[in-house]
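Chains as they are written, first to last, in UniProt numbering: chain V, 1 to 216; chain S, 1 to 216.
Virtual Cβ for every residue (Gly too), placed ideally from N, Cα, C.
Down below is the structure, laid out as structure tokens.
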DNA sequence: TTTACTTTGTTAAAAAAATAACATACTTTA
DNA sequence: TAAAGTATGTTATTTTTTTAACAAAGTAAA
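Next up, the structure:
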């Protein structure tokens, strides 16, 4: 299926989830096929770019028809590795950690949320979406018994690096970082920084450019 | 302060929040100045790119010293319009809406969280971070009395477009969209899609490329 | 004061990304 | 079966973005 052995350009990786999202919506529509032009309207990318992106991975379209929605959806899922199972834990059972625990969308992406940890004894033992909050002191013991690939970090900034070091020592391969700390990790451990306020930054920036911020 | 009248390239807008985040961390360090090389290490961008990005907005550096951390932090905040006040409401008091209600980081970006709405009568009246959850039926009345620029949308997908239409009719200028729906809005209303699982998609994609997904 | 060093801001060059254009292949209709 | 129409996949072109290079300006040390 993979047409290229070379690394997928970051810029394409960033668009894949957008295609995936749109295709998921289209799946529940009455149509079976979608053209690059339709996708252009829905994504805001040009049809040319969309065809080019998709052709990077193979030949999915059907001339004069477009792309089979279901087929393309599955293909893009596979390209992103959603067909492979990945265990996930959440560190930090605060408001954000809790919201992530209730997040739907893990399963279809191949993620299995296995545990939630916190240091606060008041929270330990509480059930969040059917998962018992575990004691952060038991982290190493747990990771020794259960192979976990990814950890979501929703803890205080000042604890972020320390917990990261422990996670790495225990063999975690990737961190979904919701803290405001720039984590130091070895090159082989992936970090995905999720700047929660990024969207607000963009909006503020664009509102300013549109002169929406003058009097209010 | 603004050097250019032309629109800031999207690609630079995307990097501004990263600079902002790093500078905020640096502010609480002992150093007063930071060089583009230091910033390169912290951001992962090249020092050349950083100098170019910053020079797009003006001349902030000091030769052979680098950039005054506090000064640059404030400048970038201003460039993004954080010095202008923006009222914000949250639609949807579920787990995610709740997490957003507790989000710190509004104030320093010039956002004032003014209200939270929900349709669920069990939630209406409840206090979340000192804000009483309001009845979504009162949305128009509220917006008629209070000027609100931005609405965060943390509701079910199937209600998303309907609520969006109401928000737009009531004069909202920007939507921070956490739903999985591609919202249809007039060109002058900004939409910032926050695909909550985007980070997981990227991680899955990269883990796959690093051959971390084979056996597990 | 002079020399060596540092780091910016900017220009030039290279690389990457996006767009436009179009030949090809398939579909539909007559 | 032929003609008209559609939409892909790919190549060529343009545009954007990034990197590299360096002069200019300031600092620090001798």
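I'd like to know if the segment 149–158 of chain S and the segment 97–117 of chain S are in contact, where contact means that at least 3 CB-CB pairs between them fall below 8 Å. yes
Using only the alpha-carbon positions, how far apart do residue 33(V) and residue 62(V) sit? 9 Å
Please say whether residue 209(V) and residue 7(S) have beta carbons closer to each other than 8 Å? yes
Kindly list, in the order they appear in chain S, the residues whose Cβ is closer than 7 Å to that of residue 199(V). The contacting residues are 176, 192 and 194.
Are there three or more Cβ pairs, one per stretch, closer than 8 Å when the segment 58–72 of chain V is compared with the segment 122–138 of chain V? Touching, no.
Can you tell me the Cα-Cα spacing of residue 49(S) and residue 15(S), whole angstroms? 10 Å
I'd like the list of long-range same chain contacts for residue 46(V), defined as Cβ closer than 7 Å, with 5 residues on each side in sequence excluded. 40
So does the segment 187–206 of chain S actually touch the segment 17–24 of chain V, counting three or more Cβ pairs closer than 8 Å? yes
Check whether the Cβ of residue 209(V) lies closer than 8 Å to any Cβ atom in chain S. yes
Nearest chain V C-beta to residue 103(S) closer than 8 Å, yes or no? yes
Verify the CB distance criterion: does residue 66(V) have a CB-CB separation below 8 Å to chain S? False, the Cβ-Cβ gap to chain S never drops below 8 Å.
Quick test of your reading: residue 160(V) and residue 179(V), contact by CB under 8 Å. State the CB separation rounded to the nearest angstrom. 4 Å
Are the CB atoms of residue 182(V) and residue 22(S) within a distance shorter than 8 Å? In contact: residue 22(S) and residue 182(V) (Cβ atoms closer than 8 Å).
Pairs of beta-carbons, one from the segment 121–130 of chain V and one from the segment 66–73 of chain V, closer than 8 Å: are there three or more? Taking 8 Å as the limit for Cβ pairs, the verdict is that the segment 66–73 of chain V does not touch the segment 121–130 of chain V.
Ordered along the chain, which non-local residues of its own chain (more than five positions away) have a Cβ less than 6 Å from that of residue 98(V)? 128
Grouping DSSP H, G and I as helix and E and B as strand, with all else coil, what is residue 62(V)? strand
For the beta strand (DSSP E) containing residue 115(S), name the first residue and the last one. 111–118
Taking Cβ positions only, does residue 162(V) come closer than 8 Å to chain S? No, its Cβ sits nowhere closer than 8 Å to a Cβ of chain S.
By the DSSP assignment, the alpha helix (DSSP H) with residue 141(S) in it spans what residues? Per DSSP, residue 141(S) belongs to the alpha helix (DSSP H) from 139–145.
Could you check which residue in 155(V), 31(V), 58(V) and 79(V) has the C-alpha nearest to that of residue 100(V)? Ranking 155(V), 31(V), 58(V) and 79(V) by CA distance to the CA of residue 100(V) puts 155(V) first.
Ends of the alpha helix (DSSP H) at residue 158(S)? Start and end: 157–169.
Under a CB-based cut-off of 8 Å, is residue 19(S) close to chain V? It does not; no Cβ of chain V falls within 8 Å.
Hey, out of 106(S), 94(S), 96(S) and 72(S), whose CA is closest to residue 88(S)'s CA? 106(S)
Cβ-Cβ separation, residue 207(S) to residue 94(V) (assumed contact under 8 Å), whole Å: In fact, because the Cβ distance is near 26 Å, the residues do not count as touching under 8 Å.
Assuming contact is defined by CB atoms lying nearer than 8 Å, are residue 53(S) and residue 90(S) in contact in what I supplied? no
Short-range partners of chain V found in the segment 146–161 of chain S, where Cβ spacing is below 7 Å: 147, 149 and 150
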